[in-house]
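Take a look at the structure below.
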Amino acid sequence: KQFQNEKLGEQDVYEENVKLFEPLIKETKKINKQPTIVNVHQVPQITSSSLPATTPSLPAITASEPETLKLGKIAFKYIQKMSTANEYDNAFGLKSIPESIDFKLGNSTVKIEGNNFKIDKKFYKGTEGVWKLLTTTDIKDITESDREIYKKIMLQTEGFLSEDGKVKSNRSDKYKEIIKPIYEAYKHIKELKQKTDEINEAKKKKIVKEPEPVKANKKKIVKEPEPEPESESQSEPESQSEPEEVFGEGLHTIFLPSDQNELVKRHQILFLQMKAGNTGVFNEFQAITDQLIKFEILDKSFFLL
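As C-alpha coordinates, then:
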(Lines of atoms letter the chains of each structure in order from A and count residues from 1; the text may use other names and numbers.)
(Lines give C-alpha, C1' and ligand atoms only; values in the text may rest on other atoms or scores of the structure.)
Protein backbone atom coordinates (compact mmCIF):
# COMPACT_ATOMS: atom_id res chain seq x y z
CA LYS A 1 0.00 0.00 0.00
CA GLN A 2 2.85 2.40 0.82
CA PHE A 3 4.42 1.59 -2.54
CA GLN A 4 1.10 2.25 -4.27
CA ASN A 5 0.72 5.64 -2.54
CA GLU A 6 4.22 6.63 -3.60
CA LYS A 7 3.40 5.73 -7.17
CA LEU A 8 0.18 7.73 -7.04
CA GLY A 9 2.09 10.70 -5.60
CA GLU A 10 4.61 10.53 -8.42
CA GLN A 11 1.74 10.37 -10.89
CA ASP A 12 0.23 13.56 -9.40
CA VAL A 13 3.58 15.36 -9.68
CA TYR A 14 3.94 14.16 -13.26
CA GLU A 15 0.51 15.46 -14.18
CA GLU A 16 1.23 18.84 -12.58
CA ASN A 17 4.50 19.09 -14.51
CA VAL A 18 2.69 18.22 -17.75
CA LYS A 19 0.21 21.03 -17.14
CA LEU A 20 3.02 23.46 -16.29
CA PHE A 21 5.17 22.70 -19.34
CA GLU A 22 2.32 21.91 -21.76
CA PRO A 23 2.84 25.13 -23.91
CA LEU A 24 6.55 24.37 -24.28
CA ILE A 25 5.88 20.71 -25.11
CA LYS A 26 3.39 21.66 -27.84
CA GLU A 27 5.83 24.11 -29.49
CA THR A 28 8.61 21.51 -29.32
CA LYS A 29 6.39 18.95 -31.04
CA LYS A 30 5.68 21.46 -33.80
CA ILE A 31 9.40 22.04 -34.34
CA ASN A 32 10.07 18.29 -34.49
CA LYS A 33 7.44 17.92 -37.21
CA GLN A 34 9.01 20.63 -39.40
CA PRO A 35 11.75 19.69 -41.91
CA THR A 36 15.31 20.64 -41.03
CA ILE A 37 16.75 23.52 -43.08
CA VAL A 38 20.47 23.50 -43.78
CA ASN A 39 22.26 26.54 -45.24
CA VAL A 40 19.03 28.21 -46.37
CA HIS A 41 18.22 25.55 -49.03
CA GLN A 42 16.83 22.09 -48.18
CA VAL A 43 19.27 19.35 -49.19
CA PRO A 44 17.52 16.47 -51.02
CA GLN A 45 18.31 12.88 -50.09
CA ILE A 46 20.85 11.32 -52.42
CA THR A 47 20.82 7.61 -53.15
CA SER A 48 23.44 5.54 -54.90
CA SER A 49 21.20 5.17 -57.99
CA SER A 50 20.91 8.94 -58.41
CA LEU A 51 24.68 9.53 -58.48
CA PRO A 52 26.33 9.99 -61.91
CA ALA A 53 29.25 7.83 -62.96
CA THR A 54 31.63 10.73 -62.31
CA THR A 55 30.60 13.08 -59.51
CA PRO A 56 31.44 16.70 -60.43
CA SER A 57 33.05 18.93 -57.81
CA LEU A 58 30.50 21.28 -56.26
CA PRO A 59 31.28 24.72 -54.78
CA ALA A 60 30.92 25.01 -51.03
CA ILE A 61 27.69 26.58 -49.79
CA THR A 62 28.64 29.92 -48.21
CA ALA A 63 25.23 31.61 -47.95
CA SER A 64 25.27 31.45 -44.18
CA GLU A 65 28.86 32.66 -43.85
CA PRO A 66 29.37 36.31 -42.83
CA GLU A 67 30.78 38.80 -45.35
CA THR A 68 34.48 39.52 -45.15
CA LEU A 69 35.94 43.00 -45.52
CA LYS A 70 39.19 42.84 -47.50
CA LEU A 71 41.26 45.93 -46.81
CA GLY A 72 44.41 47.29 -48.37
CA LYS A 73 47.23 48.57 -46.18
CA ILE A 74 46.14 52.22 -46.46
CA ALA A 75 42.49 51.41 -45.72
CA PHE A 76 43.41 49.25 -42.71
CA LYS A 77 45.63 52.01 -41.31
CA TYR A 78 42.94 54.70 -41.42
CA ILE A 79 40.01 52.53 -40.35
CA GLN A 80 42.00 51.85 -37.18
CA LYS A 81 42.27 55.62 -36.66
CA MET A 82 38.46 55.84 -36.61
CA SER A 83 38.54 54.35 -33.12
CA THR A 84 40.95 57.03 -31.88
CA ALA A 85 38.95 59.95 -30.50
CA ASN A 86 41.62 62.63 -30.94
CA GLU A 87 42.21 61.71 -34.61
CA TYR A 88 38.79 60.71 -35.97
CA ASP A 89 36.71 63.36 -37.75
CA ASN A 90 33.32 62.88 -36.13
CA ALA A 91 31.72 65.65 -38.21
CA PHE A 92 32.76 64.77 -41.77
CA GLY A 93 34.31 61.29 -41.45
CA LEU A 94 33.08 57.89 -42.58
CA LYS A 95 30.54 56.26 -40.25
CA SER A 96 30.37 52.51 -39.62
CA ILE A 97 27.04 50.73 -40.24
CA PRO A 98 25.96 48.24 -37.52
CA GLU A 99 26.19 44.59 -38.61
CA SER A 100 27.63 45.59 -42.00
CA ILE A 101 31.06 45.72 -43.61
CA ASP A 102 30.09 48.93 -45.43
CA PHE A 103 30.28 52.54 -44.27
CA LYS A 104 28.03 55.59 -44.39
CA LEU A 105 28.88 59.07 -45.66
CA GLY A 106 26.13 61.65 -46.00
CA ASN A 107 23.25 60.10 -47.92
CA SER A 108 25.28 57.26 -49.48
CA THR A 109 26.66 53.84 -48.63
CA VAL A 110 30.41 53.51 -49.18
CA LYS A 111 31.89 50.13 -50.06
CA ILE A 112 35.60 49.46 -49.54
CA GLU A 113 37.44 47.37 -52.12
CA GLY A 114 41.09 47.07 -51.15
CA ASN A 115 42.07 50.71 -50.72
CA ASN A 116 39.47 52.08 -53.13
CA PHE A 117 35.89 53.28 -52.70
CA LYS A 118 32.69 52.35 -54.52
CA ILE A 119 29.77 54.73 -54.05
CA ASP A 120 26.65 53.71 -55.97
CA LYS A 121 28.15 52.91 -59.39
CA LYS A 122 31.17 55.22 -59.16
CA PHE A 123 34.68 54.19 -58.18
CA TYR A 124 37.22 56.45 -56.48
CA LYS A 125 40.93 55.83 -55.94
CA GLY A 126 41.79 55.52 -52.25
CA THR A 127 45.11 57.31 -51.86
CA GLU A 128 46.74 58.11 -48.54
CA GLY A 129 45.50 61.70 -48.75
CA VAL A 130 41.90 60.78 -49.63
CA TRP A 131 41.73 58.30 -46.75
CA LYS A 132 43.15 60.93 -44.42
CA LEU A 133 40.45 63.42 -45.46
CA LEU A 134 37.67 60.83 -45.13
CA THR A 135 38.58 59.72 -41.61
CA THR A 136 40.68 62.31 -39.75
CA THR A 137 40.86 66.05 -39.13
CA ASP A 138 44.46 66.18 -40.38
CA ILE A 139 44.87 68.13 -43.65
CA LYS A 140 48.66 68.05 -43.90
CA ASP A 141 50.42 66.55 -46.95
CA ILE A 142 47.28 66.60 -49.09
CA THR A 143 47.87 66.82 -52.86
CA GLU A 144 45.70 68.67 -55.37
CA SER A 145 44.63 65.32 -56.80
CA ASP A 146 43.56 64.18 -53.31
CA ARG A 147 41.47 67.34 -52.94
CA GLU A 148 39.74 66.79 -56.29
CA ILE A 149 38.84 63.17 -55.51
CA TYR A 150 37.62 64.13 -52.04
CA LYS A 151 35.58 67.01 -53.50
CA LYS A 152 33.81 64.67 -55.96
CA ILE A 153 33.06 62.19 -53.16
CA MET A 154 31.64 64.88 -50.88
CA LEU A 155 29.55 66.47 -53.64
CA GLN A 156 28.09 63.07 -54.53
CA THR A 157 27.32 62.04 -50.95
CA GLU A 158 26.56 65.50 -49.50
CA GLY A 159 28.69 64.42 -46.55
CA PHE A 160 28.98 68.01 -45.30
CA LEU A 161 25.24 68.34 -44.58
CA SER A 162 23.42 67.40 -41.39
CA GLU A 163 20.07 65.58 -41.38
CA ASP A 164 18.16 68.89 -41.50
CA GLY A 165 20.01 69.90 -44.69
CA LYS A 166 22.26 72.51 -43.06
CA VAL A 167 26.03 72.51 -43.40
CA LYS A 168 27.93 71.06 -40.44
CA SER A 169 30.17 74.09 -39.95
CA ASN A 170 32.81 74.34 -37.25
CA ARG A 171 35.99 76.26 -36.49
CA SER A 172 38.46 73.60 -37.60
CA ASP A 173 41.11 74.21 -40.26
CA LYS A 174 39.64 71.35 -42.25
CA TYR A 175 36.28 73.12 -42.49
CA LYS A 176 37.81 76.47 -43.44
CA GLU A 177 40.25 75.17 -46.05
CA ILE A 178 38.56 72.01 -47.40
CA ILE A 179 34.87 71.73 -46.55
CA LYS A 180 33.76 75.36 -46.94
CA PRO A 181 34.97 75.72 -50.58
CA ILE A 182 33.23 72.43 -51.43
CA TYR A 183 30.02 73.67 -49.83
CA GLU A 184 30.23 76.94 -51.78
CA ALA A 185 30.60 74.95 -55.01
CA TYR A 186 27.64 72.80 -53.94
CA LYS A 187 25.44 75.88 -53.42
CA HIS A 188 26.50 77.27 -56.80
CA ILE A 189 25.62 74.00 -58.54
CA LYS A 190 22.22 73.95 -56.82
CA GLU A 191 21.51 77.51 -57.97
CA LEU A 192 22.63 76.70 -61.51
CA LYS A 193 20.42 73.63 -61.62
CA GLN A 194 17.44 75.59 -60.37
CA LYS A 195 18.01 78.36 -62.93
CA THR A 196 18.53 75.84 -65.74
CA ASP A 197 15.32 74.04 -64.80
CA GLU A 198 13.49 77.36 -64.94
CA ILE A 199 14.94 78.14 -68.38
CA ASN A 200 14.10 74.68 -69.70
CA GLU A 201 10.57 74.96 -68.35
CA ALA A 202 10.20 78.39 -69.93
CA LYS A 203 11.47 77.05 -73.26
CA LYS A 204 8.85 74.33 -73.14
CA LYS A 205 6.17 76.97 -72.68
CA LYS A 206 7.75 79.07 -75.48
CA ILE A 207 8.29 81.96 -73.13
CA VAL A 208 12.05 82.10 -73.59
CA LYS A 209 13.30 82.09 -77.18
CA GLU A 210 16.91 81.70 -78.21
CA PRO A 211 18.35 84.52 -80.35
CA GLU A 212 18.06 83.92 -84.08
CA PRO A 213 21.24 82.63 -85.74
CA VAL A 214 23.44 85.20 -87.48
CA LYS A 215 23.35 85.01 -91.26
CA ALA A 216 26.47 83.80 -93.03
CA ASN A 217 29.28 86.28 -93.66
CA LYS A 218 27.29 89.26 -92.45
CA LYS A 219 28.49 91.47 -89.66
CA LYS A 220 27.03 94.45 -87.93
CA ILE A 221 28.11 97.74 -89.50
CA VAL A 222 28.74 100.63 -87.13
CA LYS A 223 27.54 103.79 -88.86
CA GLU A 224 29.61 106.91 -88.46
CA PRO A 225 28.52 110.49 -89.24
CA GLU A 226 28.92 111.46 -92.90
CA PRO A 227 30.33 108.15 -94.15
CA GLU A 228 32.37 108.20 -97.31
CA PRO A 229 31.02 106.26 -100.28
CA GLU A 230 32.40 102.76 -100.54
CA SER A 231 32.97 100.64 -103.60
CA GLU A 232 31.53 97.15 -103.84
CA SER A 233 35.02 95.67 -103.75
CA GLN A 234 35.83 97.22 -100.39
CA SER A 235 35.35 95.03 -97.34
CA GLU A 236 32.77 96.04 -94.78
CA PRO A 237 34.16 97.52 -91.56
CA GLU A 238 34.23 95.13 -88.61
CA SER A 239 32.12 95.99 -85.60
CA GLN A 240 34.17 96.81 -82.53
CA SER A 241 31.43 95.35 -80.32
CA GLU A 242 31.36 91.93 -82.01
CA PRO A 243 32.76 89.51 -79.38
CA GLU A 244 32.86 86.37 -81.52
CA GLU A 245 34.02 85.46 -85.00
CA VAL A 246 31.55 84.00 -87.45
CA PHE A 247 32.35 80.84 -89.39
CA GLY A 248 29.91 79.11 -91.72
CA GLU A 249 26.25 79.74 -92.13
CA GLY A 250 24.43 80.68 -88.97
CA LEU A 251 27.12 79.50 -86.52
CA HIS A 252 28.89 81.33 -83.69
CA THR A 253 32.32 80.11 -82.71
CA ILE A 254 32.58 79.96 -78.93
CA PHE A 255 36.10 80.00 -77.52
CA LEU A 256 36.28 78.14 -74.21
CA PRO A 257 39.21 78.37 -71.80
CA SER A 258 41.11 75.11 -71.37
CA ASP A 259 41.75 75.69 -67.67
CA GLN A 260 39.03 74.13 -65.48
CA ASN A 261 39.13 76.95 -62.93
CA GLU A 262 38.62 79.52 -65.69
CA LEU A 263 35.70 77.46 -67.00
CA VAL A 264 34.06 77.53 -63.56
CA LYS A 265 34.57 81.31 -63.27
CA ARG A 266 33.11 81.92 -66.73
CA HIS A 267 30.23 79.60 -65.89
CA GLN A 268 29.44 81.66 -62.79
CA ILE A 269 29.54 84.93 -64.78
CA LEU A 270 27.18 83.59 -67.43
CA PHE A 271 24.86 82.26 -64.74
CA LEU A 272 24.62 85.71 -63.14
CA GLN A 273 23.92 87.27 -66.55
CA MET A 274 21.14 84.77 -67.22
CA LYS A 275 19.78 85.36 -63.73
CA ALA A 276 19.59 89.06 -64.62
CA GLY A 277 17.52 88.20 -67.71
CA ASN A 278 20.16 87.97 -70.45
CA THR A 279 19.23 84.80 -72.34
CA GLY A 280 21.60 85.61 -75.21
CA VAL A 281 24.47 83.84 -73.44
CA PHE A 282 22.57 80.57 -73.09
CA ASN A 283 24.50 78.74 -75.85
CA GLU A 284 27.88 79.55 -74.29
CA PHE A 285 26.50 78.63 -70.87
CA GLN A 286 25.36 75.28 -72.25
CA ALA A 287 28.74 74.61 -73.91
CA ILE A 288 30.64 75.30 -70.68
CA THR A 289 28.18 73.15 -68.72
CA ASP A 290 28.90 70.26 -71.10
CA GLN A 291 32.63 70.69 -70.47
CA LEU A 292 32.16 70.75 -66.69
CA ILE A 293 30.15 67.54 -66.92
CA LYS A 294 32.94 66.03 -69.05
CA PHE A 295 35.50 66.96 -66.37
CA GLU A 296 33.10 65.50 -63.72
CA ILE A 297 32.86 68.85 -61.96
CA LEU A 298 29.10 68.75 -62.59
CA ASP A 299 26.96 65.61 -62.57
CA LYS A 300 25.37 64.34 -65.81
CA SER A 301 21.91 64.81 -64.34
CA PHE A 302 22.59 68.55 -63.84
CA PHE A 303 21.88 69.77 -67.35
CA LEU A 304 18.93 68.12 -69.08
CA LEU A 305 17.66 69.47 -72.39
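End of the sequence shown = 305 in the UniProt record's numbering, gap-free, step of one.
Ideal Cβ positions, reconstructed from N, Cα and C, are used throughout, including at glycine.
Computed from a predicted structure; not experimentally measured.
The shortest CA-to-CA distance from Y175 to any of Q156, T136, E201, Q194 is the one to T136.
With contacts defined by Cβ atoms closer than 7 Å, V110 and I119 form a contacting pair. F255 has its alpha-carbon roughly 47 Å from the corresponding atom of S96.
Taking the Cβ atoms as the reference, F271 lies roughly 7 Å from F285, within the contact range of under 8 Å. In the DSSP annotation of this structure, the continuous segment of the alpha helix (DSSP H) that includes E262 starts and ends at 260-275. When secondary structure is reduced to three states using DSSP, G126 falls in the coil class, being assigned neither helix nor strand. In the DSSP assignment, E201 falls outside any beta strand (DSSP E) and within the unbroken alpha helix (DSSP H) covering 180-204. In this structure, N115 is the residue among N115, M82, K81, N90 with its C-alpha nearest to the C-alpha of K70. Take H267, set aside five residues on each side of it, and the residues of its chain with a beta-carbon closer than 6 Å to its own are I288, in chain order. Around the beta carbon of T157, 16 or more other beta carbons lie within 10 angstroms, which makes this residue buried. Between the region 72-80 and the region 134-150 there are three or more inter-stretch CB-CB distances shorter than 8 Å, so the stretches are counted as touching. Taking C-beta atoms as the reference points, Y124 and L155 fail to come closer than 7 Å. Rounded to the nearest whole angstrom, the C-alpha separation of I74 and E113 is 11 Å. DSSP places S145 outside any beta strand (DSSP E); the residue lies instead in the alpha helix (DSSP H), whose first and last residues are 144-157. The C-beta of G129 has 16 or more other C-beta atoms within 10 Å across all chains shown, which makes the residue buried. Within the same chain, Cβ atoms closer than 7 Å to the Cβ of K275 are found at K195, the five residues on either side in sequence being excluded. Scanning G165, E262, G72, A202 for the CA closest to the CA of W131 turns up G72. Under the three-state reduction of DSSP, L134 is assigned to helix.
Annotation: the continuous alpha helix (DSSP H) that includes E284 extends over 282-294. CA-to-CA, the gap between P257 and N283 works out to about 15 Å.
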